[in-house]
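What follows is a set of notes on a single structure, which appears directly below.
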Amino acid sequence: MILSGWGRFPLADCQVRRPRDEAALRGEFAAAGGGLIARGNGRAYGDSALNPQATIDMRGFNRILGFDTASGQVIAEAGVLLADLIDVFLPRGWFPAVTPGTKFVSIGGAIAADVHGKNHHKHGSFGACVDWIDVLTVDGVVQRASRSDNADLFAWTVGGMGLTGVILRAAIRLAPVESGWISQTMLPAPNLDTAMTLFEQAQDATYSVGWIDCLATGRSTGRSLVMLGEHAELAELGPREREDRWLERRKRAKTIPIDFPSFVLNRFSVRSFNLLYYANGLRQLGNALIDFDSFFYPLDAISEWNRIYGKKGFAQFQCVLPLEESRAGLRALLAQIARAGEGSFLAVLKRMGHQESRFSFPMEGYTLALDFPLRRTTPALFGELERIAIDHGGRFYLAKDSQLTAERLRRADPRTEAFIQMRQVSRAAGRFHSLQSERLGL
Ligand SMILES: Cc1cc2nc3c(=O)[nH]c(=O)nc-3n(C[C@H](O)[C@H](O)[C@H](O)COP(=O)(O)OP(=O)(O)OC[C@H]3O[C@@H](n4cnc5c(N)ncnc54)[C@H](O)[C@@H]3O)c2cc1C
Numbered sequence: 000m001i002l003s004g005w006g007r008f009p010l011a012d013c014q015v016r017r018p019r020d021e022a023a024l025r026g027e028f029a030a031a032g033g034g035l036i037a038r039g040n041g042r043a044y045g046d047s048a049l050n051p052q053a054t055i056d057m058r059g060f061n062r063i064l065g066f067d068t069a070s071g072q073v074i075a076e077a078g079v080l081l082a083d084l085i086d087v088f089l090p091r092g093w094f095p096a097v098t099p100g101t102k103f104v105s106i107g108g109a110i111a112a113d114v115h116g117k118n119h120h121k122h123g124s125f126g127a128c129v130d131w132i133d134v135l136t137v138d139g140v141v142q143r144a145s146r147s148d149n150a151d152l153f154a155w156t157v158g159g160m161g162l163t164g165v166i167l168r169a170a171i172r173l174a175p176v177e178s179g180w181i182s183q184t185m186l187p188a189p190n191l192d193t194a195m196t197l198f199e200q201a202q203d204a205t206y207s208v209g210w211i212d213c214l215a216t217g218r219s220t221g222r223s224l225v226m227l228g229e230h231a232e233l234a235e236l237g238p239r240e241r242e243d244r245w246l247e248r249r250k251r252a253k254t255i256p257i258d259f260p261s262f263v264l265n266r267f268s269v270r271s272f273n274l275l276y277y278a279n280g281l282r283q284l285g286n287a288l289i290d291f292d293s294f295f296y297p298l299d300a301i302s303e304w305n306r307i308y309g310k311k312g313f314a315q316f317q318c319v320l321p322l323e324e325s326r327a328g329l330r331a332l333l334a335q336i337a338r339a340g341e342g343s344f345l346a347v348l349k350r351m352g353h354q355e356s357r358f359s360f361p362m363e364g365y366t367l368a369l370d371f372p373l374r375r376t377t378p379a380l381f382g383e384l385e386r387i388a389i390d391h392g393g394r395f396y397l398a399k400d401s402q403l404t405a406e407r408l409r410r411a412d413p414r415t416e417a418f419i420q421m422r423q424v425s426r427a428a429g430r431f432h433s434l435q436s437e438r439l440g441l
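If you read the sequence shown in numbering that gives the first Met the number 0, its first letter stands for residue 0, the second for the next number, and so on.
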């Protein structure tokens, strides 16, 4: 079938297999002599979960296998979505300890990309809440890996983009919460300096994220709304919120019914959207109790919103810059984006905390993420943005990537050589590959 990632680019004709248990997965592994890649819920933007010969759709591994009410540890198969965990465990007082900006990701995909959330500066990335994983490795054997057993396999698989093996199941820890409500503080930042000061002052806040208007220029460059959040305690809830403490009466997502023609998205419509969003945000400044969906997953409210970019699809640029280079690097990136005038209304700024990892994306500093509708000019624009990021010591998020080259990845991330070597020595390179791993020479 014709498959793509969330950005709908590239499209690839893939043989898709759908095993539902370990025996069937082993069978697919034995049959796929040319190699395979695992696929979760297809929310990575580019080609990391595409393999024309064999793409293993893991969504049939959808069982929750156990839960420890004392520690919050849940054992679940890799195809279980964070949305499923929230449905089951939020009414029992537990929430994912780390969550990306969509809840429609699988546990396998969250581990393979070592996803980060708005609390990275405090709680690290998804791998931090993973106790162990079961992985089908290159020799067709399922191995349990944790920080103490098969520690190398564990360390390379978390953030390894499916290139070390297929994750079958995992034990992850949820965080205790008293409600499904979030106590949000929305702060205005008229420029980048203020936004960064707000982030630095908010290091104690559990969650922080900035929406940044990429088209603002001059003294307004980096104009942002910074949102801080905490899980609301029971005592903070008013009568209305108490009545729906776990938010079980949620609305269903609306769907974008058609592919938008590409002329709908242009410099002027995006700019107007930015201005409206900013103005609307200004009306909501200060503190408010909001439901967790609105806080963590505003885009999930419109299912298939990726169709707004039209049939050609879109690409996301996401880099992280080290702390000491962040201000200068962000300024240069924002100037370039404003010049190009093609930036989306989806520009997110986050402060990341320190993280040691083999190949995961995060490092201490600032990450900027924004979408671009795909045009003829996109590769050149990405090339320019990547150059700026590399000049400032930055690196790129493979879960969002569809544009990077092997050469730029190597220049951006010196860990790449060790990753490639591990894949050669373990023979994983011959068994697990995706269009992305081929493009990037992994
Ligand atoms: C609206 C939106 C917002 C997002 N916000 C964030 C964010 O804030 N932070 C963030 O970090 N990411 C974010 N993402 C990216 C997303 O979290 C990651 O791409 C995640 O990996 C997607 O999970 P998935 O189950 O859809 O995996 P897929 O997209 O299907 O696969 C992604 C990678 O995981 C591998 N993989 C999947 N399942 C397995 C398995 N069982 N075993 C081995 N490897 C596997 C694949 O081979 C591939 O390399 C966002 C994506 C969207 C669409």
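By construction, the Cβ of each residue, glycine as well, lies at the ideal position given by its N, Cα and C atoms.
Query	Result
Is DSSP giving T196 helix, strand or coil here?	helix
Sort out for me which residues DSSP pairs P142 with in a bridge.	One point to set straight first is that residue 142 is Gln, not Pro, in the sequence displayed. Answer by DSSP bridge pairing, in chain order: V134.
Quick check on the contact list: which residues have their beta carbon closer than 5 Å to a heavy atom of ligand 1?	W5, I36, A37, R38, G39, N40, G41, R42, A43, S47, A48, M57, A77, P99, G100, T101, V104, S105, G107, G108, A111, A112, V114, H115, M160, G161, V165, I166, L298, A398
Helix, strand or coil for H115 per DSSP?	coil
Just reading off the alpha helix (DSSP H) that R239 is part of, what are its end residues?	238-242
Just to confirm my understanding: we take D290, look at its own chain, exclude 5 residues before and 5 after, and list those with CB closer than 8 Å. What are they?	G179, W180, I181, L246, R249
CB I387 to CB A331, shorter than 7 Å?	yes
Please determine whether the Cβ atom of T377 lies at a distance below 6 Å from any heavy atom of ligand 3.	By its list of ligands, the structure shown excludes ligand 3, since it contains just ligand 1.
Measure from the alpha carbon of T196 to the alpha carbon of each residue in G116, L322, R282, then state which is nearest.	L322
Tell me which residue opens and which closes the alpha helix (DSSP H) that P378 is part of.	377-390
Between which two residues does the alpha helix (DSSP H) carrying T156 extend?	150-156
For A109, which beta-bridge partners are listed by DSSP?	Its beta-bridge partners do not exist; DSSP assigns none.
Per DSSP, what kind of secondary structure is H122 in: helix, strand or coil?	helix
Quick one: grab the DSSP three-state call for W304.	helix
Roughly how many whole angstroms lie between the Cα atoms of L49 and G429?	16 Å
Where do the N-terminal and C-terminal ends of the beta strand (DSSP E) with F316 fall, by residue?	313-321
A30 by DSSP, collapsed to three states: which one?	helix
To the nearest angstrom, how far is the alpha carbon of A154 from that of R19?	26 Å
What is the residue span of the alpha helix (DSSP H) that T415 lies within?	415-424
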